[in-house]
Structure formats: structure tokens, C-alpha cells
Amino acid sequence: MLTKLIKYDLKSLSRVLIPANILLLIYSFLARCVITSELYNDLPYFVIGLGITTYIILLVLINYITLFAVLYRFYKNLFTDEGYLTLTLPVTPSQHLLAKTISGTFWVVLSYAVITISILMLVLVPDVIKHSDMIMSELTKSLEMPASFFFISTFMVGLISCFFALPFYYVCIALGQLFNKHRILAAVILFFALSSVVSVISLIILFVVGAFPLLFGPASNLSEMTNVSHLLSTSYGVSCIIMVIQGVLSYVVTLYIMKKKINLE
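Numbering (my numbering), first residue to last: 83 to 347.
Set out below in C-alpha cells:
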């Protein structure tokens with residue numbers, strides 16, 4: 083039954099998310115064709131600027147469309163009138179939540195992969211590839227760490243966030259439905275409130291482990307402040323740990339609410 087739930091959710095979300103991701107890839111492909119052609123040098127600056135602006139808007143829209151579609155599916159299917167029908171199925175709350183988490187995470191990860199591919203399509207043009215050794219060398223000097231390690235670690239942090247960020251949104255929705263009125267508003271307020279708490283905790287931890295000497299460290303540690311490699315590796319590591327803990331706790335709380343506190347009235 084779990085497999086059927088996952089397939090049903092994937093199919094339902096695909097109606098919106100597949101066209102959106104295809105649109106981004108098509109735009110990126112066409113933009114790459116223009117960039118690598120002789121036509122690019124003759125284009126007015128405002129046309130180039132318009133193209134860049136449109137691309138940025140598309141990236142933002144893909145992110146928000148994916149997140150909204152997944153969260154709306156979760157809310158509508160479990161916490162609205164549709165929830166009465168959903169909860170009559172011979173499926174446990176844990177299976178419902180697991181199915182929603184797997185299907186939602188799939189689309190979030192897919193969109194992340196599509197966005198990454200689209201960026202690479204525009205960045206890895208012949209001129210950039212030709213001077214890639216020089217570019218990577220300069221980045222390595224500036225970052226005080228291998229540029230390849232920086233890009234890979236940044237990508238991995240983003241990927242980890244795809245897997246563990248979704249339960250946090252779920253728990254905000256689940257907590258919001260405990261209210262008798264204005265549940266969506268309550269969920270939004272809870273999201274910002276809990277996000278602020280997590281951010282403060284993250285800053286405190288980063289300060290304690292010495293990842294924020296630029297902001298809080300004494301002037302005597304000026305030589306350490308320029309250690310970009312240390313700052314990045316520490317902040318990335320702490321961020322990943324916090325995301326994992328946040329995701330697991332959010333999942334557990336959401337499951338508890340679905341088992342004990344669900345309110346469809």
C-alpha cells in the first residue's frame with residue numbers, strides 16, 4: 083500500500099512539476115545556444131540583462147512552485163475535507179507521512195538537479211572551459227581550499243538540505259492544523275517563528291565553534307579571520323548537523339500529531 087501511495091503522489095505532482103522543470107531546461111538550452119553563437123556579441127546590453135533577469139526569475143519560480151506544490155499536496159490530502167477520505171484508507175499515519183516525505187523529497191531533489199544542470203549548461207561554455215585551469219587556480223587561492231572541493235561541498239550541503247528541509251515545513255503545517263481557525267496563517271507564523279529560533283541556535287553554535295570570528299572574534303585573531311577554508315568547512319559541517327537534527331525532530335513531531343492530535347474539524 084505504501085508503494086501505491088508514493089506512486090499516486092508522484093503522479094499527482096508530476097502534472098505541474100514536470101512541465102515547470104522542462105521549461106527551465108529548454109530556456110537554459112536556448113540561452114546556451116545564444117551565448118555560444120556569434121549573435122551574442124551583437125546583442126544590446128538590455129537584451130542580455132533581460133535574459134539574465136528572466137533566468138533568475140525562472141530559478142526562483144521553480145523553487146517556489148516545487149515547494150508550494152509539495153506542501154499544498156501534503157496539506158490538502160491530510161488536513162482538509164479530503165483528509166476524511168484519505169484517513170479512511172487501510173494505511174497507518176506513519177505510512178501516509180512516509181509516502182508524502184518520499185514523494186515530496188523526490189521532486190525537491192529532482193528540481194535541485196535540474197537547476198544545477200541548467201546552471202552548468204550556461205556556465206560551462208567553450209570560453210570558460212578553455213580557461214578553466216586558470217579560473218580554478220585563482221579560486222583556489224582566494225578560498226584557501228581546492229575550488230573543486232568548495233563546489234562539491236556546496237552542492238552536497240544543498241543536496242542534504244533537500245532531504246531534511248521538507249519535514250520542517252511539514253511540522254509547521256501539522257502544528258498549524260491544531261488551531262481551530264486560521265490554520266494556514268498559524269502554520270506560516272509558526273514557520274517564521276521556528277525558523278528564527280533555529281537560526282539563533284545555529285548562530286550560537288557557529289560562534290562557539292569559532293566559525294564567526296569575522297563578526298565576533300577579537301582583533302588579536304585577525305590572522306585567523308582570513309582562514310576562509312576553516313570558516314566554510316566549519317559552517318558547512320555545523321549546518322549539515324543542524325539540518326539533520328531539525329529534519330529528524332520535525333518528522334517525529336509530525337508523526338506524533340498525525341497519530342494523536344489530528345484535527346479535521
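Glycine residues also receive a C-beta, built at the ideal position from the N, C-alpha and C atoms. Model, not experiment: these values are computed from the prediction.
Asked	Found
Secondary structure of Ala181, DSSP reduced to three states	helix
C-alpha distance - Val152 paired with Tyr109, whole-angstrom precision	24 Å
Sequence-distant residues of the same chain with beta carbon closer than 8 Å to Leu179, five excluded per side	Tyr252, Tyr333, Thr336, Leu337 and Met340
Phe267 - DSSP class collapsed to helix/strand/coil	The question names Phe, yet the displayed sequence has Leu at residue 267. Looking at Leu267 - three-state DSSP - the assignment turns out to be helix.
Where Ser302 falls, given that 16 or more other Cβ within 10 Å makes a residue buried	Because the pLDDT at Ser302 is just 45, under 50, the model does not fix this residue reliably, and the value given afterwards should be weighed accordingly. Its Cβ having fewer than 16 others within 10 Å, Ser302 is exposed.
Residues near Cys254 by beta carbon distance below 6 Å, same chain, minus five either side	Ala269, Leu272 and Phe273
Straight-line gap, Leu225 to Met218 (C-alpha atoms, nearest Å)	10 Å
Closest by C-alpha distance to Gln328, when choosing among Phe150, Leu84 and Ser284	Ser284
Chain-order list of residues whose beta-carbon lies under 8 Å from that of His83 (same chain, five-residue window excluded)	Going by the sequence as given, residue 83 is Met instead of His. Within the same chain, Met83 has close Cβ partners Leu171, Pro172, Val173 and Gln177.
Cutoff 7 Å; reference Leu95; Cβ partners in own chain excluding five residues on either side	Ala151, Val152, Arg155, Ser185 and Trp189
Whole-angstrom distance between Ile266 and Val330, CA atom to CA atom	23 Å
Burial state of Thr162, where buried means 16 or more other Cβ atoms lie within 10 Å	exposed
Whole-Å CB distance - Asn103 paired with Val196, under 8 Å assumed	5 Å
8 Å contact criterion, which Ile147 and Val98 should meet: CB distance rounded	7 Å
Helix, strand or coil at Pro208 [DSSP, three-state]	helix
Nearest-angstrom Cβ-Cβ length linking Thr135 and Val207, presumed shorter than 8 Å	Contact flag wrong, Cβ pair sits at about 19 Å.
C-beta contact flag for Val191 and Ser321 at 8 Å	no
Euclidean distance between Cα positions of Gly258 and Ser243	23 Å
Any beta strand (DSSP E) of 3 or more consecutive residues that is wholly inside the region 90-145	none
Nearest-angstrom Cβ-Cβ length linking Leu37 and Ser235, presumed shorter than 8 Å	Within the shown structure, residues of the chain are numbered from 83 to 347, placing residue 37 beyond reach of any answer.
Distance, Phe233 Cα to Val116 Cα	26 Å
Collapsed DSSP secondary structure at Ala256 in the structure displayed	helix
Reference Ser193; option with closest CA among Ser214, Leu221, Lys212 and Leu140	Leu140
Start-to-end residues for the alpha helix (DSSP H) that takes in Phe237	Ala229 to Phe246
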